[in-house]
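A short write-up of the structure that comes next.
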Amino acid sequence: MSKERTWQELPKGAVSYRPSMEYKTGDWGVDAPKIDLDKCVKCNMCHFYCPEGCIHVEEDGTPVPDLEYCKGCGICAKECPVKAIEMVRK
Amino acid sequence: MVEQKLMGLNGDEAVAYATKQVNPDIVAAYPITPQTIIVERFSEYFADREVDTEFVAVESEHSAMSSCVGASAAGARAFTATAANGLALMWEIVYIASSLRLPIVMAVVNRALSGPINIHNDHSDTMGARDSGWIQIYCENAQEVYDASIAAWRIAEHLKVQLPVMVCLDGFTLSHTMENVMTLPDDAVQKFVGERPFIEVEGHMGKGELRLNPEMPLTMGPLDLQDFYYEHKIHQVDAMEQALKYMKNVDAEWAKVSGRSYKYVEPYLMEDAEVALIGMGSMMGTVRHMVDELRAEGVKAGMIKLRLFRPFPVDAIKKAVGDIPVLGVIEKCISFGAPASPLMEELMTVYYHDKEKPMIANYVVGLGGRDVSPDMIREAYKSMAKIKKTGKVDKLSTYIGVRGD
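Just so you know, the protein sequences line up as chains S and A, in that order. The working numbering runs 31 ahead of the 1-based position in the first sequence. The working numbering runs 8 ahead of the 1-based position in the second sequence.
Rendered as structure tokens:
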């Protein structure tokens, strides 16, 4: 747990005082995807399947997982048609 | 004080009439005995266009409370009423209402929980909800029901409080018994409740009122994990402490308008009392009657009516109890497997560290609507007299009026 506000400093009613983008959930995961770019055919299936929407695609089609949000579910590795993604310990 | 009109109302009608005068934005309710009259009467007011309320005829109590949560979150005044199994069915949303700090008002017509099925009065339903984060006011008669049904809005919406309120009234004994009730004119009630005020909170888009507003979006009720949930629970602890501080101001304001003043705790003949009962609800009228009888016989009897159970008014209770040697706790509820019933346990807790404290005994009565007769109350006072004489409490809990030892 990072240094967070005290109860007196938090808004009442359990209202979120910051957008969800600022609430990093990457540390929930045990595993993270490691993409072998030699095998990757840039089909972007991993990007579409990622339930967190945290695999970005660069202009040339290269997928880049954002580990600050990746929860390590492994769906990308499962769905990759060329088995270019391996789940490794974070 | 404003001019008042005397009406013949039963407890349920007193709730419905007071709520009509408050004219809330929505009423979402499902009928359940002995609360049904509240919903019936209110639906008549709605049909006759006597209120501007949106009347939502929901398919269950779970939906009733859900509707109230949604409406209250959107800034509306939301009311519902239920009893026993209805309260049980709305359980998860009851907790959500209080944790989101939504000032909903709910009349709970106290009824025994099934099973076996029983429609009559005891306090097992709302006592079960004592940890739900709602303020709980227990009424002795229809007048108190009327008054509490109006004051509850100001308590719930108080900027320092922001908590939902349960107005508890005994099933049948109050709900279906017609009494004289002094009522205020509509405009006096409207003036008293005013408009619902809002607290300011910091949302992810900046500061705004705690309500859903497209101009100023807020996230209410999000996933709240190990890193924040605990702090938000402390908010509720604090809100209850604030409620204890500020409720008396609302009661005082109501006294100014209505001429009827209420305290958290109402002692009767306690100054020189040697034995006294403390308890809640309609049976306290019978206890007061028995205190008078006992006094006439020379017994130094007293009693304390507890009107507010949540937040638990520790200081007011201790002040009322004073230095009495024996205190009996009369309750219409059993906590199965517990050392004693809820009110007894809480009193034992607040007195544990005190050097000077009364001997305390628990008397359970009236489950499933069994009549709490003057004789049963007399039995409790007799038992307390014995405790005073022997100087010890042999039995923590006594079940009065049950067949068999």
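From the three backbone atoms N, C-alpha and C, an ideal C-beta is built for every residue, glycine too.
- For A/Ile145, the closest alpha carbon among the candidates A/Asp323, A/Ser290, A/Leu404 is that of A/Ser290.
- Within chain A, no C-beta atom comes nearer than 8 Å to that of S/Lys55; the closest sits roughly 11 Å away.
- Residue ranges of uninterrupted beta strand (DSSP E) with 3 or more members, entirely inside the stretch 244–300 of chain A and ordered along the chain, are 273–276, 283–287.
- Look at the stretch 34–47 of chain S: the residues with a C-beta under 8 Å from a C-beta of chain A are Glu35, Arg36, Thr37, Trp38, Leu41, Pro42, Lys43, Gly44, Ala45, Val46, Ser47.
- Residues of the stretch 239–255 of chain A with a C-beta atom less than 7 Å from some C-beta of chain S are Glu239, His240, Ile242, His243, listed in chain order.
- A Cβ-Cβ contact shorter than 7 Å links A/Ala81 with A/Leu220.
- For the pair A/Val169 and A/Ala251, the CB atoms are nearer than the 7 Å cut-off.
- By the Cβ criterion, the stretch 180–189 of chain A is not in contact with the stretch 210–228 of chain A, since fewer than three pairs of Cβ atoms, one from each stretch, lie closer than 8 Å.
- Between the stretch 96–116 of chain S and the stretch 13–21 of chain A, the count of Cβ pairs shorter than 8 Å is below three; the stretches do not touch.
- Chain A has a Cβ within less than 7 Å of the Cβ of S/Arg49.
- The distance from the Cβ of A/Met190 to that of A/Gln12 is about 4 Å, consistent with a contact at the 8 Å cut-off.
- In this structure, A/Ser75 is the residue among A/Asn93, A/Ser75, A/Gly94 with its C-alpha nearest to the C-alpha of A/Phe87.
- The C-alpha of A/Leu95 is placed about 19 Å away from the C-alpha of A/Ile34.
- Between S/Val88 and A/Leu218, the beta carbon gap of about 40 Å keeps them out of contact (Cβ cut-off 8 Å).
- Per the coordinates, the alpha-carbon of A/Lys28 lies some 27 Å from the alpha-carbon of A/Ser140.
- None of the residues of the stretch 335–364 of chain A has a beta carbon lying less than 9 Å from any beta carbon of chain S.
- Selection A/Pro42, A/Val334, A/Leu167 evaluated against A/Asp246 yields A/Leu167 as nearest (Cα-Cα).
- Shown here, A/Pro382 sits in a helix according to DSSP, grouped into three states.
- Nearest to A/Asp133 by alpha-carbon distance, out of A/Glu339, A/Gly202, A/Ala369, is A/Glu339.
- Setting aside the 5 residues that flank it on each side, A/Asp331 is surrounded in the same chain by Glu364, each with a C-beta closer than 7 Å to its C-beta; the list follows chain order.
- A/Asn31 sits close to A/Val59, with the two beta carbons spaced by under 7 Å.
- With respect to the 7 Å criterion, A/Val153 and A/Leu171 are not classified as neighbours on the basis of their beta carbons.
- Looking at the backbone, the Cα of A/Arg303 and that of A/Asp280 are separated by about 11 Å.
- Taking all protein chains shown into account, A/Glu69 has 16 or more neighbouring C-beta atoms within 10 Å of its C-beta and is therefore buried.
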